[in-house]
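Sequence order for the protein chains is A and B. The opening residue of the first sequence carries number 0 in numbering that gives the first Met the number 0; numbering runs sequentially from there. The opening residue of the second sequence carries number 0 in numbering that gives the first Met the number 0; numbering runs sequentially from there. By construction, the Cβ of each residue, glycine as well, lies at the ideal position given by its N, Cα and C atoms.
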Amino acid sequence: MKPAAFDYHRADNLQHACELLSSSGDDSKILAGGQTLIAMMNFRLARPKVLIDVSNIADGNQVLDEDGGIRIRATTVQRFVENSESVQQRFPLLCHAIEHVAHFQIRNKGTIGGNLVNADPASELPAMSLAFDAEFDIISVAGRRTVSASEFFVTYYTTVVAPNEVLSSIRFAEPPKNSGWGFHEVARRAGDYALAGSSAIVTLDAAGKCTRARIALFGVAATPVRATAAEDVLIGEAYSEDLLKASARSVQSILDPESDVHVTADYRRSVAEVLTVRALNDAFRRAKAVQ
Amino acid sequence: MNEPTATGIGASLRRIEDHRFITGRGKYTDDIQRHGQVHAYLLRSNLAHGEIRHIDTAQAKQAPGVLAVFTGADLRADGIGDLPVGWMTTNIDGTLMFIPPHPVLAVDRVRHVGDPIAVIIAATLSQAKDAAELIEFDISDLPAVANIDRATAAGAPLVWDGAAHNTAFHWQVGNSAAVEAAFARAHHITRIDLVNNRMVANAMEPRVAIGEFDEGRGEYLLHLSSQNPHVARILLATATLKVPEHKIRVISPDVGGGFGSKAMHYAEEVIVLWSAKKIGRPVKWTSERSEAFLSDRHGRDHKTHAELALDANGKFLALRASTIANLGAYYSTFGPAIPTFYSAPLLVGTYAIPAAYCDVRGVFTNTVPVDAYRGAGRPEAAYVIERLVDQAAHEVGLDPAEIRRRNFIPPDAFPYDNPLGAQYDSGNFGVGLEKALALADYAGFEPRRAAAKARGKLRGIGMSSYIEACGAGPSKIIMAAGAGSGMFESATIRVNPSGSVVVVTGTHSHGQGHETTFAQVVSDKLGIPIHSIEIVHGDTGRSAFGLGTVGSRSLAVGGGAIIKALDKVIAKGKRIASYILEAAESDILFENGRFVVAGTDKGISFPEIAFTAHAPAKFPSDEIEPGLEETAFFDPANFTFPAGLHICELEVDPQTGATEVLAYTVVDDFGNVINPMIVEGQVHGGTVQGIGQALLENCVYDPDTAQLLSGSFMDYCMPRADNLPNFLVDYIVTPSPHNPLGVKGCGEAGAIAAPPAVMNAMMNALRPAGVTELSMPATPLKVWQALRAAHA
Ligand SMILES: Cc1cc2nc3c(=O)[nH]c(=O)nc-3n(C[C@H](O)[C@H](O)[C@H](O)COP(=O)(O)OP(=O)(O)OC[C@H]3O[C@@H](n4cnc5c(N)ncnc54)[C@H](O)[C@@H]3O)c2cc1C
Numbered sequence: 000m001k002p003a004a005f006d007y008h009r010a011d012n013l014q015h016a017c018e019l020l021s022s023s024g025d026d027s028k029i030l031a032g033g034q035t036l037i038a039m040m041n042f043r044l045a046r047p048k049v050l051i052d053v054s055n056i057a058d059g060n061q062v063l064d065e066d067g068g069i070r071i072r073a074t075t076v077q078r079f080v081e082n083s084e085s086v087q088q089r090f091p092l093l094c095h096a097i098e099h100v101a102h103f104q105i106r107n108k109g110t111i112g113g114n115l116v117n118a119d120p121a122s123e124l125p126a127m128s129l130a131f132d133a134e135f136d137i138i139s140v141a142g143r144r145t146v147s148a149s150e151f152f153v154t155y156y157t158t159v160v161a162p163n164e165v166l167s168s169i170r171f172a173e174p175p176k177n178s179g180w181g182f183h184e185v186a187r188r189a190g191d192y193a194l195a196g197s198s199a200i201v202t203l204d205a206a207g208k209c210t211r212a213r214i215a216l217f218g219v220a221a222t223p224v225r226a227t228a229a230e231d232v233l234i235g236e237a238y239s240e241d242l243l244k245a246s247a248r249s250v251q252s253i254l255d256p257e258s259d260v261h262v263t264a265d266y267r268r269s270v271a272e273v274l275t276v277r278a279l280n281d282a283f284r285r286a287k288a289v290q
Numbered sequence: 000m001n002e003p004t005a006t007g008i009g010a011s012l013r014r015i016e017d018h019r020f021i022t023g024r025g026k027y028t029d030d031i032q033r034h035g036q037v038h039a040y041l042l043r044s045n046l047a048h049g050e051i052r053h054i055d056t057a058q059a060k061q062a063p064g065v066l067a068v069f070t071g072a073d074l075r076a077d078g079i080g081d082l083p084v085g086w087m088t089t090n091i092d093g094t095l096m097f098i099p100p101h102p103v104l105a106v107d108r109v110r111h112v113g114d115p116i117a118v119i120i121a122a123t124l125s126q127a128k129d130a131a132e133l134i135e136f137d138i139s140d141l142p143a144v145a146n147i148d149r150a151t152a153a154g155a156p157l158v159w160d161g162a163a164h165n166t167a168f169h170w171q172v173g174n175s176a177a178v179e180a181a182f183a184r185a186h187h188i189t190r191i192d193l194v195n196n197r198m199v200a201n202a203m204e205p206r207v208a209i210g211e212f213d214e215g216r217g218e219y220l221l222h223l224s225s226q227n228p229h230v231a232r233i234l235l236a237t238a239t240l241k242v243p244e245h246k247i248r249v250i251s252p253d254v255g256g257g258f259g260s261k262a263m264h265y266a267e268e269v270i271v272l273w274s275a276k277k278i279g280r281p282v283k284w285t286s287e288r289s290e291a292f293l294s295d296r297h298g299r300d301h302k303t304h305a306e307l308a309l310d311a312n313g314k315f316l317a318l319r320a321s322t323i324a325n326l327g328a329y330y331s332t333f334g335p336a337i338p339t340f341y342s343a344p345l346l347v348g349t350y351a352i353p354a355a356y357c358d359v360r361g362v363f364t365n366t367v368p369v370d371a372y373r374g375a376g377r378p379e380a381a382y383v384i385e386r387l388v389d390q391a392a393h394e395v396g397l398d399p400a401e402i403r404r405r406n407f408i409p410p411d412a413f414p415y416d417n418p419l420g421a422q423y424d425s426g427n428f429g430v431g432l433e434k435a436l437a438l439a440d441y442a443g444f445e446p447r448r449a450a451a452k453a454r455g456k457l458r459g460i461g462m463s464s465y466i467e468a469c470g471a472g473p474s475k476i477i478m479a480a481g482a483g484s485g486m487f488e489s490a491t492i493r494v495n496p497s498g499s500v501v502v503v504t505g506t507h508s509h510g511q512g513h514e515t516t517f518a519q520v521v522s523d524k525l526g527i528p529i530h531s532i533e534i535v536h537g538d539t540g541r542s543a544f545g546l547g548t549v550g551s552r553s554l555a556v557g558g559g560a561i562i563k564a565l566d567k568v569i570a571k572g573k574r575i576a577s578y579i580l581e582a583a584e585s586d587i588l589f590e591n592g593r594f595v596v597a598g599t600d601k602g603i604s605f606p607e608i609a610f611t612a613h614a615p616a617k618f619p620s621d622e623i624e625p626g627l628e629e630t631a632f633f634d635p636a637n638f639t640f641p642a643g644l645h646i647c648e649l650e651v652d653p654q655t656g657a658t659e660v661l662a663y664t665v666v667d668d669f670g671n672v673i674n675p676m677i678v679e680g681q682v683h684g685g686t687v688q689g690i691g692q693a694l695l696e697n698c699v700y701d702p703d704t705a706q707l708l709s710g711s712f713m714d715y716c717m718p719r720a721d722n723l724p725n726f727l728v729d730y731i732v733t734p735s736p737h738n739p740l741g742v743k744g745c746g747e748a749g750a751i752a753a754p755p756a757v758m759n760a761m762m763n764a765l766r767p768a769g770v771t772e773l774s775m776p777a778t779p780l781k782v783w784q785a786l787r788a789a790h791a
């Protein structure tokens, strides 16, 4: 085996996982789809002493329709969400974003919760949680708490989920009727983590004026970024090329990207603006189409 | 030749070996478990350059399951030799290149990240890995040089104390006086500076070696994932392990790709054999992917300045080029040959350029050794001449197709002696060009560009006219140039009494489909069904000798040996048939699988002769030896020179720098083609690798620390099918006169031609936006930066 030695427990359910976490000490980790964690362990960059496997719990894949939203169990594999009819109808943007997560083979194993707790800022799903005003349901032996998407992500690969806690479910709020969406990313190849990406939801009134907007970016900072200033530029305004440009321009100043082996920080900042214009364009077009 | 049949020459027969591969029944080296086998794990340096002060293995030796821990000192004490370099390059001043030592395990210093320091042998691989973490070592950090620029900078740290300025050799070819004279009277001079980016081969199957020692017989057995088992054996025998060659057998079973990187002699081969003897158990080492990034030989990594002199009509007068080649920290087996002999003589490409000169400086850096990678030197040459020619076309205002037309070597000029010492065998470059232009609808491109512009995209079309040298090799020529041995090939044809045939070749198949192609040649020649033919390769215990599969040589050279051996079999069959058919030997013909008496209907089938040969009652066995087995060796008169034309059409998103390849056309001249489907597969694979080099792949070292930054598939971007359009592949045929089959070689052509075709298309797309230069890989970042710089 490639990883360093570890102990392994299979949890019966998430409550059980919490108990195992609290009895196994700080060096224990939840194993979900393993698509990130096992790779890190194989490189011996992660060396948990204990793994608590939640990938086989009963009803692990669960997408529940709720009033005004949808609740996805953290252990649900990404592919299950992507194939859910309800998500396809009510959250087409979420489906579209999931299709950009790795490849279907990986999405058959990788979970929604694992992706969000892993909190890779270049990942599509953390940005989706911002775009859909998500609420995170977190449990431990001590109890349960709910955290909003705006508070959930701390920095690179870090969330508010404590070592003794388990992410139980995530609730995504459905945008109002008369909304349209857009999503654009640049990656080296299809299925790669984004070099930069932007997503938008706009809601229009009967006159075509924007009443609500969400702009969420990824791959451009230590966490996913919701560009509220850029959203504000749109409110009360009707579509125009200049409007979109003005909105997107305000994105650049709030981003704090890094340079890496693929692209520079400057590239990320500039392309984030370009992609925001494109996402907004699509969002306005789709919103008009549903009017 | 017989009429093409469903299994003969020219048939697109499905690959015989694929059934076992795609049903998971291939047997690769790691699938082999030897009785009592234990596992080796190599502790590798995490520093690029350092002095080994102290290695303490005591604790590791006590760890669970551990049988032994060895360091470089142990190997040295036992007389294990250094890894050899198999090619000697001569400096301009006539002296020999600088030759540093290359210990199997590092002794005093580590010189690149991944340099092996110690080997841990344990009952399981995990135990060996866990024990490796218990080895304490003190390695002082020395300044490292990570790339050509750093290695050649004034006052750069030295990789080898004896190699001033990190220079390994400085070599030249061509006639500089003639070149200077031609440049002096040039109407126009085009200049270009190019980087040929560093590649990682990334064969699907990482390297694996299992060593064992038969104490009773004193024999070594090495199972090795190799392209080149005989070469591994000869170097083990003479350089590293230093035991008689007949006491070593190397078996390379199914091998999952190599792209050159499995042709060299590696440390792990020595380590598993030596330690197997030491501990009395078979020892297996299996590379992991991350280890492959740090230890498989890398490819390319050249910087070149080149200049082309033209007259007023756009005719080329002379070419001069100066290349610096990064060789890594040590010489790999063929390292010095690649940027010199296998590259520079092809710098004039397909053009009649009367004078040319090139100098090549090899430099050491604190990186993985660099050696052959699909194309091995020829892609570097093709990239220089083809980008230079495109640049020249742009500068003098000629269409890229037209400037090539004007300068091609005419079809009646073959054999053609180019000014850099290569003699091209045959070709018809103009015909290939026109065919490719028509297929790609080159004439209709401008409306496509305009339509793209309306969508906000920059569309470009570009071509490359490549020529390369295959079929290594003519032993006389390569040995005069510096090779440590010849490169002929052997074949044994063993005819069984029932008429089935075993063909033993010294070449190797690691994905190329030789079990099918070679069988087709034999089926065609002997007129026997394909299923009565078995191709055996990859075993020094079974084949007479061989130099493996490298440089697209297998059919040109190995096929030549097969034809020669088949001719001997047929000749002997005729002698036997003359007794059976009671006719003069000179009246016996061999046609469609039958020995017949000319002008009669009397005849006897090949299987009947096979049986008769083994039942020597009907012919005098004192005159004709019983049995039917022949061996032949074939050393070609010269290289073969495949050539062709690639056309790439693509679109760039100017706002993000992202590029999409939309159409790709290939017209190759591989001489005669045995199996068009297999050849097309080779063209596809090579072209994908070439497009990968141009747009995606890049091996990057941190310039300061010489740490490998692109050390996994997350950061090293391999091309994937969904990055690519369908390819349009066609051929012209000018058979090579240098081997009996008239074949030229097809395995590397795509990787040679594609990088310049893609980059010329990129420049064609970006020049209208003001971009004047662009280097590989043309990533979104680089394109975006180039466009910004153009607008600034
Ligand atoms: C080749 C490849 C390409 C990829 N490309 C992309 C991409 O383009 N975009 C993208 O977004 N992702 C990508 N991924 C990552 C993929 O989406 C992973 O599935 C995901 O990041 C982790 O999910 P998992 O279920 O596999 O989690 P695991 O790997 O099992 O766990 C990841 C981390 O989350 C913790 N964890 C998991 N579940 C919980 C829980 N319920 N409560 C608390 N902690 C938990 C684990 O302890 C661990 O620290 C890629 C992965 C691969 C292998």
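For F42 of chain A, the residues of chain B that pass the 9 Å Cβ criterion are S289, S711, in the order they occur in the chain. Residues of the stretch 718 to 734 of chain B with a Cβ closer than 7 Å to any Cβ of chain A, in chain order: R719, D721, N722.
Distances from the CB of S198 of chain A to the heavy atoms of ligand 1 are all 8 Å or more. Near chain B, meaning a CB-to-CB distance below 9 Å, the residues of the stretch 1 to 30 of chain A are K1, P2, A3, A4. Taking the CA atoms as reference points, A449 of chain B sits about 54 Å from T504 of chain B. Close to chain A, meaning a Cβ-Cβ distance shorter than 9 Å, are the following residues of the stretch 118 to 137 of chain B: T123, L124, S125, K128, D129, E132.
The three-state secondary structure of I54 of chain B, taken from DSSP, is strand. Under the DSSP assignment, G461 of chain B falls in the beta strand (DSSP E) whose first and last residues are 457 to 466. Relative to ligand 1, I79 of chain B has its C-beta separated by 8 Å or more from all heavy atoms. Cα atoms of Y441 of chain B and D148 of chain B: separation of roughly 39 Å, rounded to the nearest angstrom. For Q251 of chain A, the CB contacts under 8 Å within the same chain, skipping 5 residues up- and downstream, are R268, S269, A271, E272 in chain order. Annotation for D300 of chain B: R197, N325, V369 place their beta carbon closer than 6 Å to its own, counting only its chain and skipping 5 residues before and after. As computed with DSSP, I200 of chain A is found in a beta bridge with A:W180, A:R213. In terms of CA proximity to V494 of chain B, B:S531 leads the group B:E659, B:A479, B:S531. Following the DSSP letters along the chain, one finds W159 of chain B in no beta strand (DSSP E), marked with neither H nor E.
In this structure A439 of chain B is buried. Its beta-carbon is surrounded by 16 or more other beta-carbon atoms within 10 angstroms. For the beta strand (DSSP E) assignment, the uninterrupted runs of no fewer than 3 residues enclosed by the stretch 475 to 554 of chain B are, from N- to C-terminal side, 488 to 494, 500 to 504, 532 to 535.
With a 10 Å radius around the Cβ and a threshold of 16 neighbouring Cβ atoms, H186 of chain B comes out exposed.
The Cβ atoms of A118 of chain A and T158 of chain A sit closer than 9 Å to each other. Residues A172, E173 of the same chain have their beta carbon placed closer than 8 Å to that of G67 of chain A, with the five preceding and five following residues left out of the count.
Below 8 Å, enough C-beta pairs join the stretch 629 to 649 of chain B and the stretch 664 to 673 of chain B to call them touching: three or more.
L13 of chain A carries a helical assignment under DSSP once its states are collapsed to helix, strand and coil.
If you compare the alpha carbons of B:G49, B:P83, B:V106, B:A121 with that of Q61 of chain B, the shortest gap goes to B:A121. With distances taken between CA atoms, V732 of chain B lies nearest to B:V430 out of B:Y27, B:S321, B:S11, B:V430. With respect to the C-alpha of E747 of chain B, the residue from B:V84, B:E394, B:E467, B:A451 having the closest C-alpha is B:E467. The CB of D714 of chain B comes closer than 9 Å to the CB of D259, V260, H261 in chain A, given here in chain order.
From the beta-carbon of W783 of chain B, the residues of chain A found nearer than 7 Å are Y266.
Pairing L307 of chain B with L397 of chain B gives a Cβ-Cβ distance that is not under 9 Å.
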